Every structure is written in C-alpha cells, then in structure tokens.
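Residue numbers (the working numbering), protein chains in the order written: chain U, 465 to 835; chain X, 3 to 423. Ideal Cβ placement from N, Cα and C applies to all residues, glycine included. Source: prediction; values computed, not measured.
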Amino acid sequence: MSLERGMISSRQVMFLVTNMIFATEIQFVPALLTMYAGQDAWVVVLIVTIVGFLFGVPIISLGLRFPGKTPVEYGMDLLGKWGGRALGIFLGLFFFYVAAVAVRELADHLVIAVMPQTPLVVFIALYVFAIAYGVYLGLEVFARVSEILYPVFLGTLMLGTIFLIPSLNLNLLKPVLTHSPLELLRGSLTLLAFYGEGLAILFLIPCMRRPEQAPGLNMKITLLLNIPLLVMVVMEVAMFGAMETSRILFPSFELVKMISVAGFFERMESFLLAFWVTTVCLKVALLYYTAMISFARSLNLRDYRPLVWPGAVSLTALAVLVFSDVTQAREFLARSWPLFGLSVEGGVPILLYSLALLRKKGVSWRGRQKK
Amino acid sequence: MKRALKSMSVVKRLCLVLAIILLPNICAGCWDRVELEQLAYVTVVGIDRDGPDGVLVTFQCVIPRMLARGQSGGGGGAAPVKPYTNYSVKARNVSDAVRLFEIKQPHKALFKTSTVIIIGEDLARKGVIPSLDFFTRKPALRRSVWVMVAEGKAADILLKGDPSPEIIPANNIRTAFQRRQDVTLTSSVDFGQLLSKLERPGVDPFMPEIKLAPKLSGGTAGQGETSTQDQQKDVKEGEKQVLEIVDFGVLKLGKLVSFLDITESRGLLWLQGKTNSGTITVPARGASWASLLVSSKRVKITPVISQDGFLFNIDIRIEGYVSSVQNEAVDPTKPEDLGRLEEEGEKAILQDVMAAVKKSQEVRSDFLGLGEKIYETDPDLWKEIGEAWRDEWLPNVQVDISVNCKLKRTGLAAGPVQPIP
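Shown next as structure tokens:
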C-alpha cells in the first residue's frame with residue numbers, strides 16, 4: 465500500500481531535488497560563503513562539489529535497499545514500530561520547519577527588496593495557499609512543473625550573467641587561497657547544510673518509475689547545482705568584491721540588477737524575482753509534501769490529503785513566527801543552520817544505513833542486480 | 003482525470019472563472035501600488051555638509067509635464083521652460099532629508115530614475131561613507147548609479163548648472179560619460195565600484211569631479227553666437243554656467259584628500275587602462291606639434307619586494323594613430339619620423355603617469371592601487387605593513403615605468419601637405 469500512486473521519472477527527480485536546493489541556496493549562500501572565506505569562496509564550492517557527491521552515495525543506496533518504501537516505513541523495520549513512528553514525526557517536523565523557513569526567506573526578500581509596504585503575512589498566506597493546492601494535487605503535478613520551469617530558470621540566469629562579463633574585475637579574486645582551512649571548512653559546512661536538504665530524495669526514490677536510474681543521480685544533481693553556483697559566486701566577488709558581497713543581503717539579486725546592455729537592456733531583476741517566486745514555491749511544495757507523507761505514514765493514515773489544508777494553516781503561522789526580524793534570519797542561516805541542518809541531514813541516513821547493515825535488513829542494489 | 007472534468011458542475015466552473023478573473027487583481031498589489039502622477043522623479047541627488055553634523059540634500063526632480071512642453075517649444079523665441087526643479091533640504095542625514103523632502107512637496111520620491119549622486123567637497127572631506135549608507139539600503143537604487151564629487155557645493159551645481167545642450171542636467175552628465183572614450187579626461191565611477199574599492203585592502207577610490215565653468219559662448223565673441231546671445235540678454239554675464247566634468251577627486255580611507263589636475267588625471271586613466279582613443283599632443287620637430295590618437299591596450303603592474311623597499315614595474319602598452327602633424331618636416335610615412343613620434347608619445351604618457359604617482363605619494367592616498375598589488379602577491383606581508391602602508395611605505399616606493407607606444411595608422415593621408423614652390 466502506498467500513499468502516492470503517482471510515478472515520476474528520474475529526470476523529474478533530478479530537477480525536483482536540484483530546484484529544491486538551488487532555490488534558496490542561490491539567494492543566501494554567496495553572502496555566507498564570502499563572510500567566512502572571502503574571495504576564496506569559489507574554493508569552498510569546489511570542496512562541496514566533491515563532498516556533496518560522496519554525501520549522495522549512501523543516501524541513494526539507502527533508498528535503493530528498500531524498494532517502494534519510504535524512510536518512515538523502513539524506519540519501522542529497523543527501529544521497531546514506535547521507533548519508526550517517532551522517526552517519521554521527527555523527519556516530518558524537520559521538513560516542515562525547513563519549509564517554513566524557506567517561505568519566510570522569500571517573503572522577507574519580497575518585502576525588503578520589492579514591496580516594502582506590503583505586510584509579510586499577505587505574501588506568506590498567498591504563497592502557502594498555492595503550495596498547498598499543488599501538494600494536494602499530488603507529487604506528479606509539481607514534479608512536472610519543476611521539470612519545465614527549472615531548466616528555463618537556470619538557462620535565463622546563466623544567459624543573463626553573460627552580459628555581466630565585461631564589467632567584471634577578476635583582480636578582486638586575488639590573492640588566491642589566503643584563508644585558513646578552518647575558515648574554508650566553516651564555509652563548506654554552511655553550504656553543505658543547504659545541500660543536505662536533498663535528503664528529501666529518500667521520499668522520491670520509492671515513487672520512481674525506474675529506480676535503477678537512481679545511482680547516477682547524485683552526480684547529476686551535484687553538477688547541476690554547483691556549476692551555476694560557482695559561476696554566480698565568482699561573478700559576485702569579481703563584481704562587488706568579497707567584503708561587499710558578504711554585506712549585501714541578496715547578492716545574486718544585486719548582481720542581476722547590474723545587467724545593462726547598451727543602455728536599454730536593463731532591469732532584469734524582475735525576471736529573476738519571478739523565477740525565484742516559482743522555484744521557491746516548488747521547493748516548499750516538495751518539502752511540504754515530504755513532511756505530509758512522513759506524518760501520514762507515522763499516523764498510519766491511508767491518505768495524506770486530509771492533512772494538507774490544516775498543515776497549510778500551521779505552515780503560514782510558523783513562517784510568520786519563525787523569525788522576528790531579518791537579522792535573526794541571517795544569524796540563523798549563518799550560525800545555527802549548519803549545525804542543526806547537518807546533524808539531521810547527516811545523522812538520519814547514517815543511523816538508518818548503519819542499522820540496515822548491522823541488522824542485515826533490505827537488499828543492496830548490487831546484490832539485487834546479481835540475482 | 004477526464005471523468006473528473008466531465009462531472010464538474012456548473013457552479014464549480016463558475017467558481018473557477020471567478021477565480022481567474024479575481025486573481026489578477028491580487029497581482030497588482032494593494033499596499034505597494036504606485037500612482038505615476040504621485041511620484042517625484044529624482045534624477046540627481048546632491049549632498050552637502052551643513053553645520054557640524056548636518057547635511058544639505060538637494061533633490062533634482064524632472065517635471066514630466068514641462069518636459070513635453072520644453073521639447074516642442076525649444077527653438078522658439080519664448081523663454082525656455084526648465085523641465086526640472088530643485089528641492090534643498092537641511093536634515094540630520096540623507097534618510098531624514100528624504101522624509102523632509104516628501105513633506106515639502108506632495109509627491110513620493112522615486113530613486114529608480116536617479117543617474118548621479120553628487121557629493122559636495124566639504125562633506126567629502128569629512129567622509130563619504132556615512133551619507134552613502136542610505137543608498138546601500140534603498141531597494142530601488144541600483145549599484146550602477148554614478149557617484150561624483152563636486153568642486154565647491156553640490157547644491158550650487160544643481161541650482162546654477164545650465165544643462166544645455168540637453169534640457170535636463172542628468173542627461174547632460176549621462177552624455178558626457180557615454181562619450182568619455184573620446185576625451186581621455188575622465189571616466190565614470192559607479193556606486194558599486196566605489197564601495198568595492200572602499201572595502202578592498204590597499205586601494206583608495208577616486209571619483210570624477212564636477213564643477214561649474216564659465217559659459218564658453220559668453221566669453222569668446224565668435225561668429226554664429228548672435229542669435230543665442232540675443233536670447234540670453236536678460237541673463238547676467240557669468241551667472242549662467244555650464245557643467246564641466248573633468249579630472250578626479252581622490253579619497254583616502256573614505257575621505258576626500260585632493261583633486262587631481264589634468265596631467266595627473268590622465269596618468270590615472272592610463273594606469274586604469276580605461277582610455278579608448280584619447281588625444282595626446284606632443285612636440286614634433288621644430289616648434290610645431292603633432293597629435294596622436296591613442297588607446298591603452300594593456301597595463302601591467304608588478305611589484306618587486308626586496309629588503310630595501312618596494313619597486314613597482316609598470317608596463318603600459320599603447321596603440322594609436324597619427325591624427326595631425328602640422329609641419330611638413332615631419333613625415334609619418336618615414337619610419338624614423340614615425341619612430342620619433344612614438345618616442346614623444348611614450349615620453350608624454352610617462353610624464354602623466356609619473357605625475358599621478360607623485361601625487362599619490364604626496365597626498366598619501368593609494369588611488370592607483372599599488373598596495374592592492376602587494377596584497378594580491380603577498381597577503382602575509384600585507385598583514386604586517388597594511389596599517390602603515392599609506393603613510394609610511396607609499397611615499398617611499400620606487401616606480402619603474404616603461405611605456406610602449408605603437409602607432410599603427412596615419413589617418414586617411416600618408417604624408418603631410420607640402421606646398422611646391
């Protein structure tokens with residue numbers, strides 16, 4: 465018995481997960497990376513490319529060990545019935561919290577940079593309404609939307625940045641590698657915490673039409689994520705300088721504001737914003753969906769849909785209350801989030817995977833192929 | 003799914019249609035709606051010092067209604083209508099000034115249309131950072147807005163500056179920067195560049211200087227002036243002044259320390275590698291002059307760090323062509339004469355650059371970014387000397403400048419015009 469009857473392709477999984485990580489990462493990460501690693505921020509991106517790729521290996525192989533089962537279900541196999549339920553509730557709360565933070569970040573951005581007079585709660589409520597509707601319709605729906613929108617978003621972003629190349633000052637990237645390994649590590653942890661949101665892929669693998677395509681996904685997602693991020697980080701440092709980039713709240717937004725070709729091809733930031741609103745919407749849809757599935761599984765419901773609308777109300781409330789101001793949000797992302805995020809995103813798969821190995825539950829992907 | 007669509011009742015469809023009609027209304031936004039008639043389009047902001055800790059902020063706003071009238075009736079005999087107004091506000095800081103400005107006149111200030119921020123000399127000497135902070139936080143303002151420093155008060159420039167031949171001063175400035183390649187006298191500096199230089203070790207920012215100059219046509223009595231002079235009879239001589247953007251003001255740790263003269267400004271521009279066909283006039287054989295139109299191709303500054311101090315090898319490569327020789331004794335078709343012109347060009351550029359370096363050492367402001375080169379090559383050493391760089395090390399650095407000028411073309415003609423006896 466499965467909660468989700470829809471099936472998605474491996475490409476849809478790739479775009480869903482990439483979109484989920486990229487949507488908020490691109491808004492905040494360049495500022496946080498330059499805060500720790502200065503002009504060496506691009507080195508951090510390279511480190512995380514390697515670490516992130518390795519990080520994906522156990523997660524995907526864990527998902528493949530238990531075909532057609534969500535983490536909550538095999539959590540029950542591994543930790544016992546009540547342990548699995550507790551894990552499900554915990555994971556659900558985690559994703560729910562991350563979803564609330566993501567909604568709040570976007571709403572904050574809209575209020576700060578675009579519509580300073582509009583109350584925050586209006587953005588959040590309208591936004592959550594759209595998301596809840598998407599989640600209510602099911603995984604297939606927003607998976608298809610992200611398959612269409614994410615490549616367009618990425619393509620437009622990269623195309624737009626080409627126009628900035630003439631105004632870059634690559635000298636601002638020098639001196640190279642002056643930051644200590646400790647500073648680089650702190651930067652990597654911050655980036656990795658965003659990257660770890662990809663844990664949600666565990667909930668997507670059971671819905672894949674062809675799970676055998678999953679093993680290459682970590683590579684594809686890592687590259688699809690980090691190449692654009694690398695481009696953006698290098699451009700922002702070369703445009704504003706490392707100090708300035710760390711001071712600006714939304715460096716990517718400022719970067720796109722600088723596009724000006726021949727005096728009339730300007731004000732591209734509206735495009736960026738439109739795409740942000742949609743990609744963050746898809747991100748939150750996935751997180752919210754994951755949370756709902758976890759809750760429904762743990763409570764032994766036959767369908768997650770009854771939870772969607774009450775959950776949306778709580779999500780709105782949580783998003784309004786989660787930070788009291790923008791300084792708190794930035795502080796959370798810079799200091800608390802790496803530890804908090806990574807301990808869950810790293811801890812849960814490691815716990816489940818080591819238990820699966822110790823208790824010899826499930827069949828490894830290679831083992832099944834041999835049969 | 004198909005079955006669901008078929009069974010959709012009429013009520014449900016009506017609801018859907020209603021939703022589609024109502025949703026776009028939400029898109030327009032209710033809180034942040036903007037009424038075009040209720041906006042003051044700020045084109046230039048001038049900031050001056052007022053008293054010990056106050057500012058005098060001048061907002062120059064376009065009046066769209068007058069703009070249309072000014073254009074249609076421009077050539078006629080009627081008195082020209084100014085399509086802009088200035089509002090000067092005394093306040094504690096810029097943000098406070100914006101509020102007072104909105105009290106003074108009914109419209110809401112719109113900074114999206116701003117082209118330039120002009121900082122008065124007094125305020126710049128006190129420090130530019132405090133008054134610029136507002137602009138880093140203002141959502142509508144982009145970092146590509148230009149910043150300039152005024153000789154004297156910024157308010158004077160906005161109030162007295164005559165925008166001709168344009169009708170709005172901001173457009174005048176925009177045009178001046180857009181054709182900056184042709185003059186090699188100034189270059190634009192945008193807000194983002196200024197900020198990134200302020201926050202970079204071993205480099206001080208510079209800003210183009212704007213000042214009022216006496217009107218050219220007023221002083222010289224050339225022909226073709228008669229018609230305009232008739233028009234301006236009622237204006238007192240010397241009162242109406244034109245905007246002139248020339249030279250640079252240089253900062254030290256966020257405070258204006260000096261203005262450069264023309265030679266030093268050009269030296270700075272050669273080192274920036276920003277010149278794109280500037281004219282240099284060099285002595286040719288005898289008492290005559292030759293003009294060369296050159297643009298910088300490559301600039302390389304390499305620091306040599308030794309026990310005794312710092313030596314900077316500055317390598318400038320210039321390319322260009324001969325634009326005028328004025329004397330039949332100099333024949334650009336002859337390789338040796340062309341070679342001599344190249345040498346003279348190199349000498350002239352070297353003098354410009356030397357002057358800039360001297361000035362930098364004299365005012366102890368590293369606007370050429372020499373310290374930045376040390377920071378780039380040896381960040382550990384910079385940590386030790388960075389604090390004292392401008393005051394102790396910079397005045398004593400050695401500079402070795404080599405200029406390589408290559409004249410590639412001679413314009414449309416080969417040799418000079420030669421009268422035949």
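State the Cα-Cα distance for the pair residue i and residue j, rounded to the nearest angstrom.
| i | j | result |
| --- | --- | --- |
| Val-741 (chain U) | Ile-247 (chain X) | 43 Å |
| Leu-18 (chain X) | Ser-473 (chain U) | 31 Å |
| Ile-175 (chain X) | Val-46 (chain X) | 10 Å |
| Gln-231 (chain X) | Leu-245 (chain X) | Caution applies to Gln-231 (chain X), whose pLDDT of 43 falls short of 50 and renders its modelled position unreliable; the value that the coordinates give is listed next. So the alpha carbons of these two residues sit roughly 19 Å apart. |
| Glu-611 (chain U) | Asn-315 (chain X) | 54 Å |
| Leu-803 (chain U) | Ala-657 (chain U) | 8 Å |
| Arg-674 (chain U) | Pro-531 (chain U) | 11 Å |
| Leu-161 (chain X) | Asp-55 (chain X) | 23 Å |
| Val-96 (chain X) | Ile-49 (chain X) | 8 Å |
| Pro-813 (chain U) | Ile-523 (chain U) | 6 Å |
| Glu-733 (chain U) | Lys-721 (chain U) | 5 Å |
| Gly-417 (chain X) | Asp-333 (chain X) | 5 Å |
| Tyr-768 (chain U) | Leu-601 (chain U) | 11 Å |
| Leu-765 (chain U) | Phe-796 (chain U) | 34 Å |
| Asp-236 (chain X) | Leu-713 (chain U) | Because the pLDDT at Asp-236 (chain X) is just 43, under 50, the model does not fix this residue reliably, and the point stays unresolved. |
| Leu-125 (chain X) | Met-150 (chain X) | 12 Å |
| Arg-411 (chain X) | Lys-349 (chain X) | 19 Å |
| Gln-234 (chain X) | Val-259 (chain X) | Residue placement at Gln-234 (chain X) is poorly supported in this model, since its pLDDT is 45, which falls under 50; the coordinates still yield a value, given next. The straight-line gap from Cα to Cα measures roughly 38 Å. |
| Leu-480 (chain U) | Met-356 (chain X) | 59 Å |
| Gly-502 (chain U) | Ile-553 (chain U) | 39 Å |
Comparing alpha-carbon positions, which option in the options lies nearest residue i?
| i | options | result |
| --- | --- | --- |
| Leu-763 (chain U) | U:Gly-805, U:Ile-669, U:Gly-547 | U:Gly-547 |
| Leu-414 (chain X) | X:Tyr-323, X:Asp-158, X:Ile-23, X:Met-68 | X:Tyr-323 |
| Ile-169 (chain X) | X:Arg-144, X:Ile-65, X:Phe-261, X:Ser-404 | X:Ile-65 |
| Val-599 (chain U) | U:Glu-733, U:Tyr-752, U:Arg-766 | U:Tyr-752 |
| Leu-821 (chain U) | U:Leu-542, U:Phe-492, U:Thr-513 | U:Leu-542 |
| Ser-290 (chain X) | X:Ser-326, X:Pro-421, X:Cys-407 | X:Ser-326 |
| Met-696 (chain U) | U:Asn-635, U:Ser-724, U:Thr-625, U:Leu-649 | U:Thr-625 |
| Met-756 (chain U) | U:Val-744, U:Lys-747, U:Ala-607, U:Val-772 | U:Val-772 |
| Phe-137 (chain X) | X:Ser-297, X:Asp-98, X:Lys-106 | X:Asp-98 |
| Asn-690 (chain U) | U:Val-477, U:Leu-736, U:Thr-482 | U:Thr-482 |
Which chain U residues are close to residue i, counting only those with a beta carbon under 7 Å from its beta carbon?
| i | result |
| --- | --- |
| Pro-108 (chain X) | Neighbours of Pro-108 (chain X) on chain U: none; closest Cβ ~18 Å, over 7 Å. |
Measure how close the beta-carbons of residue i and residue j come, nearest whole angstrom, since I'm counting them as under 8 Å.
| i | j | result |
| --- | --- | --- |
| Ile-303 (chain X) | Lys-375 (chain X) | 5 Å |
| Pro-715 (chain U) | Ala-495 (chain U) | 5 Å |
| Leu-603 (chain U) | Gly-470 (chain U) | 5 Å |
| Ala-111 (chain X) | Ala-42 (chain X) | 5 Å |
| Leu-653 (chain U) | Leu-806 (chain U) | 6 Å |
| Thr-620 (chain U) | Phe-739 (chain U) | 7 Å |
| Val-512 (chain U) | Leu-655 (chain U) | 5 Å |
| Cys-271 (chain X) | Phe-369 (chain X) | For the record, residue 271 (chain X) in the displayed sequence is Leu; it is not Cys. 12 Å between Cβ atoms; not a contact. |
| Leu-746 (chain U) | Val-609 (chain U) | 6 Å |
Strictly below 8 Å CB to CB, what residues from chain U border residue i?
| i | result |
| --- | --- |
| Trp-33 (chain X) | Met-579, Gln-581, Thr-582, Pro-583, Val-586 |
| Pro-132 (chain X) | Those within 8 Å of Pro-132 (chain X) in chain U number zero; the least Cβ separation is about 16 Å. |
Cβ closer than 7 Å: which chain X residues qualify as neighbours of residue i?
| i | result |
| --- | --- |
| Lys-638 (chain U) | Glu-378 |
| Gly-705 (chain U) | Ser-198, Glu-201, Arg-202 |
| Glu-708 (chain U) | Leu-197, Ser-198, Glu-201 |
Give the residues of chain X in contact with residue i, contact being defined as C-beta atoms less than 8 Å apart.
| i | result |
| --- | --- |
| Lys-721 (chain U) | Arg-144, Arg-145, Ser-146 |
| Asn-635 (chain U) | Glu-374, Glu-378 |
| Ser-724 (chain U) | Ser-146 |
So which residues on chain U does residue i lean against when the C-beta distance must stay under 9 Å?
| i | result |
| --- | --- |
| Ile-275 (chain X) | Here the sequence assigns Gly to residue 275 (chain X), which means Ile is not the residue at that position. Those do not exist, as Gly-275 (chain X) stays about 11 Å from chain U at its closest Cβ, beyond 9 Å. |
Against residue i, what residues of chain X qualify as contacts under a CB-to-CB distance less than 9 Å, listed in chain order?
| i | result |
| --- | --- |
| Glu-718 (chain U) | Arg-144, Arg-145, Gly-194 |
| Glu-569 (chain U) | Residues of chain X passing the Cβ test: none, with the nearest at roughly 16 Å. |
| Ser-758 (chain U) | Chain X residues near Ser-758 (chain U): none, gap ~27 Å exceeds 9 Å. |
Whose Cβ in chain A lies nearer than 7 Å to the Cβ of residue i?
| i | result |
| --- | --- |
| Pro-381 (chain X) | The chain labelled as chain A is not found among the protein chains of the depicted structure, namely U and X. |
Handout entry: Interfacial residues, the region 388-400 of chain X to chain U, with Cβ spacing under 8 Å
Key = none
Problem - Cβ-based contacts, 8 Å cut-off: residues of the region 141-165 of chain X near chain U - result: Pro-141, Arg-144, Arg-145, Ser-146
Problem - Contact set between the region 196-219 of chain X and chain U, restricted to residues whose Cβ is under 7 Å from the partner - result: Leu-197, Ser-198, Glu-201, Arg-202
Practice task
Determine which residues of the region 575-598 of chain U have a Cβ less than 9 Å from any Cβ of chain X, and write them out in chain order.
Solution key: Ile-576, Ala-577, Val-578, Met-579, Pro-580, Gln-581, Thr-582, Pro-583, Val-586, Leu-590
Problem - Cβ-based contacts, 7 Å cut-off: residues of the region 641-667 of chain U near chain X - result: Thr-642
Practice task
Please list the residues of the region 726-749 of chain U that have a C-beta atom closer than 9 Å to any C-beta atom in chain X, keeping them in chain order.
Solution key: Gly-727, Glu-730, Arg-731, Glu-733
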